[in-house]
Amino acid sequence: MSEQNFSILILAAGKATRFRSEHSKMLHRLAGRLLGEYVLQAAQATGPDCLYMVIGHEREEVRKAFARPGLVFIEQNKQLGTGHAVMTARAELEKCPSPMVVVLVGDAPLLRPETLLQLVEIHRKSRAAATILTTRLENPTGYGRIVRVGSRVRGIVEEKVATPAQKKIREINSGILCFSRTHLLKYLGELSDENAQKEYLLTDLIEIFNQHRLRVAAFPVADSRVVLGVNDRLELAQIEKLLRRRKAEALMRDGVTVVNPEATYIDQEVEAGPDTVIEPGVSLLGRTRLGRDCHIQSYCTISDSSLADRVTVRPYSLIANSEIASGATLGPFARVRDGTVIEENARIGNFVEVKKSRVGRGTKALHLTYLGDATLGENANIGAGTVTCNYDGVKKNPTVIEDGVFIGSGNMLVAPVRIGQGSYTAAGSTISEDVPPDSLAIARSRQVTKKGRAKHRSQAKDPAEKTTKA
Ligand code: UD1
Ligand code: CA
31 MSEQNFSILI LAAGKATRFR SEHSKMLHRL AGRLLGEYVL QAAQATGPDC LYMVIGHERE
91 EVRKAFARPG LVFIEQNKQL GTGHAVMTAR AELEKCPSPM VVVLVGDAPL LRPETLLQLV
151 EIHRKSRAAA TILTTRLENP TGYGRIVRVG SRVRGIVEEK VATPAQKKIR EINSGILCFS
211 RTHLLKYLGE LSDENAQKEY LLTDLIEIFN QHRLRVAAFP VADSRVVLGV NDRLELAQIE
271 KLLRRRKAEA LMRDGVTVVN PEATYIDQEV EAGPDTVIEP GVSLLGRTRL GRDCHIQSYC
331 TISDSSLADR VTVRPYSLIA NSEIASGATL GPFARVRDGT VIEENARIGN FVEVKKSRVG
391 RGTKALHLTY LGDATLGENA NIGAGTVTCN YDGVKKNPTV IEDGVFIGSG NMLVAPVRIG
451 QGSYTAAGST ISEDVPPDSL AIARSRQVTK KGRAKHRSQA KDPAEKTTKA
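Position in the sequence shown counted from 1, then plus 30, gives you the working numbering.
In structure tokens, the structure reads:
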């Protein structure tokens, strides 16, 4: 790690109280990522000397979700306030090699690494004990207000204790502050919880610094969005909308048509090639990648899947954890999942479910079919209503359908079973034995037709009626 002169401490121990949630706020999802991931990635991108995260509520889950090389977790057993969270980190901060420590709230997902680096730079130049990242908001409700005397920053007052006059201050504390490490450690002990919130507030340090005649600087950012906090589910939805809008715009600039960005849900990590068209109601989630010239029609959900070029997905299809090769067509109402591979120009039609299977080049399964644990060769045709009976009640068994096979409609293929190259099966067959290449398999009882029997039936009494009378 390069010597940066600063380390970062992320405060992430709190519970999502204003979310009315039992879960850690860091674990709530925002545009396809965990909320905590945003600040963490911004922090990492600045290359700090050390990176710490204070955790508490749901600590095991949080640890598991965010663990990565170079990140040190610090446990805060009771969440007694942002100041207390930093006090908990004292031992680590004493060992920390950097002269500056940037403290971040975990719930500012739009924060950018450049803004953090600018904050550090301004702090370095100002020779202040602390530099607060601030911004001006139209509606500052809920945030700590920056109290200035002249141009000097004298304190931060939290919403709860602000006077009506202070509530009118529109410059707010982003919750992101750069400290001189020695001053932070020297005065941290002076924080107390004797206030309206009964918490140790990190923000009280500003007044304490002033009392000790230490300089406090502020770095106001013009684009207030970069420091917006997510304190309740309404703000979560607002930021989600903003992130999705940005993502759609970035794709559009790269040559993707997003027919209605307001009604399209594209996660941050999704990629799509030029001339691809995404219709309304589509969700592209997780690590989904689309090639060029794809057409994703209305109301499809595609997660963690990769689609090559010229793939068409018709309305209401679901694709998860699968790979679709170029020229393939899926849907409407197709469901493709669990590591399925669909090869070039294959066609999966309506009400067809494909699970953990490989469908070869040019193969078609167009109607009402289940293919599970199956390997299909090239240019096979699967008749409507075919089912691979893969589960025997204990384990899953494989079905192999070789090149050029024609499966008649309504077949039950009882796995394990193999249908040899170029063979065909009669409609309505229950195939439980392997079929060698170039054969015809018929596995159904012969039809019996009784002429004139229909008339006989209509004359017979209703058997149900008989029973009641007896
Ligand atoms: C905080 C600031 C406020 C600022 C706002 C910006 C304080 C006292 N207030 O208020 O001035 O305008 O952020 O968004 O700092 N946390 C812990 N341990 C605790 C308490 C909190 O780790 O004991 C963590 C939370 O998980 C969260 C962060 O600190 O990530 C901020 O806590 P939160 O309760 O959201 O503070 P705000 O009331 O928003
Ligand atoms: Ca907050």
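C-beta atoms are modelled at their ideal positions from N, C-alpha and C, and glycine is treated no differently.
Quick check on this structure: which residue in the options has the alpha carbon closest to the alpha carbon of residue i?
i, options, result
"Ile378", "Thr405, Gly369, Val92, Val343", "Val343"
"Gly369", "Leu149, Gly482, Cys126, Asn351", "Asn351"
"Thr145", "Cys330, Ile202, Val69, Arg200", "Val69"
"Leu60", "Lys271, Thr76, Thr193, Gly321", "Lys271"
"Leu231", "Arg243, His242, Leu218", "Leu218"
"Leu134", "Pro310, Val116, Glu463, Asp339", "Val116"
"Lys426", "Ser333, Asp79, Ala445, Tyr329", "Ala445"
"Ser462", "Ser475, Val447, Arg340", "Val447"
"Pro127", "Leu81, Arg487, Glu90", "Leu81"
"Ile40", "Lys394, Ala192, Gly113, Ala410", "Gly113"
"Ser347", "Thr331, Ser356, Val341, Leu57", "Thr331"
"Ala226", "Leu273, Gly111, Gln268", "Gly111"
"Ala471", "Cys324, Thr118, Ser459", "Ser459"
"Glu52", "Gly86, Ala119, Ala456", "Gly86"
"Ile269", "Gly482, Asp422, His58", "His58"
Helix, strand or coil: how does DSSP classify residue i here?
i, result
"Ala457", "coil"
"Asp54", "Looking at the sequence provided, one finds Ser at residue 54 rather than Asp. DSSP places Ser54 in strand when its eight states are reduced to three."
"Lys480", "coil"
"Lys499", "At Lys499 the pLDDT is 45, less than 50, meaning the model places this residue with poor confidence; the figure from the coordinates comes in the next sentence. Three-state DSSP puts Lys499 in a helix."
"Ser181", "coil"
"Ala46", "coil"
"Ser37", "strand"
"Ser32", "Bear in mind that the predicted position of Ser32 carries a pLDDT of just 49, short of 50, making it too unreliable to give a figure here."
"Arg487", "helix"
"Ser475", "coil"
"Glu189", "helix"
"Glu224", "coil"
"Ser254", "helix"
"Tyr230", "coil"
"Gly502", "Given that the chain is displayed from residue 31 to residue 500, the structure contains no residue 502 and the question cannot be resolved."
Under a Cβ-count criterion, where at least 16 other Cβ atoms within 10 Å of its own Cβ denotes burial, should residue i be classed as buried or exposed?
i, result
"Pro304", "exposed"
"Val179", "exposed"
"Gly434", "buried"
"Gln106", "buried"
"Ala252", "exposed"
"Asp137", "buried"
"Ala278", "buried"
"Thr212", "exposed"
"Gln327", "buried"
"Phe49", "buried"
"Val12", "Outside the shown range of the chain (31 to 500) lies residue 12, about which nothing can therefore be said."
"Glu188", "buried"
"Ser181", "exposed"
"Val384", "buried"
"His153", "buried"
"His242", "exposed"
"Lys485", "exposed"
"Thr498", "Per-residue confidence for Thr498 stands at a pLDDT of 48, beneath the threshold of 50, marking its modelled position as unreliable; no derived number is given."
"Gly205", "buried"
"Ala43", "buried"
"Pro99", "exposed"
For chain C, check one thing: does any of its Cβ atoms lie closer than 9 Å to the Cβ of residue i?
i, result
"Val382", "Any reference to chain C falls outside this structure, which holds one protein chain only."
Output the boundary residues of the alpha helix (DSSP H) element that contains residue i.
i, result
"Ala95", "89-96"
"Thr212", "211-217"
"Leu81", "No alpha helix (DSSP H) contains Leu81, which is instead part of the beta strand (DSSP E) from 81-85."
Specify, as a first and last residue, the run of the beta strand (DSSP E) that residue i falls within.
i, result
"Ala195", "Element bounds for Ala195: not the beta strand (DSSP E) but the alpha helix (DSSP H), 194-197."
"Ala72", "Taken as a continuous stretch (DSSP letters only), Ala72 belongs to no beta strand (DSSP E), being part of the alpha helix (DSSP H) at 65-75."
"Leu314", "313-315"
"Leu443", "442-444"
"Ile238", "That residue, Ile238, is in no beta strand (DSSP E); its alpha helix (DSSP H) goes 234-241."
"Thr416", "Here Thr416 belongs to no beta strand (DSSP E), and DSSP marks it neither H nor E."
"Arg448", "447-449"
"Val251", "246-251"
"Val430", "429-431"
Below 8 Å, is the gap between the Cβ of residue i and the nearest heavy atom of ligand 4?
i, result
"Gly113", "Questions concerning ligand 4 fall outside what the structure shown contains, since the ligands it does hold are ligand 1 and ligand 2."
Any chance you could list the beta strand (DSSP E) runs of at least 3 consecutive residues sitting entirely within the region 333-412, in chain order?
348-350, 365-367, 377-385, 394-402, 404-406
Completely contained alpha helix (DSSP H) runs for the region 257-309, where each covers 4 or more residues:
263-283
Ignoring anything shorter than 3 residues or poking outside the region 84-167, list the beta strand (DSSP E) runs there in chain order.
101-105, 130-135, 160-166
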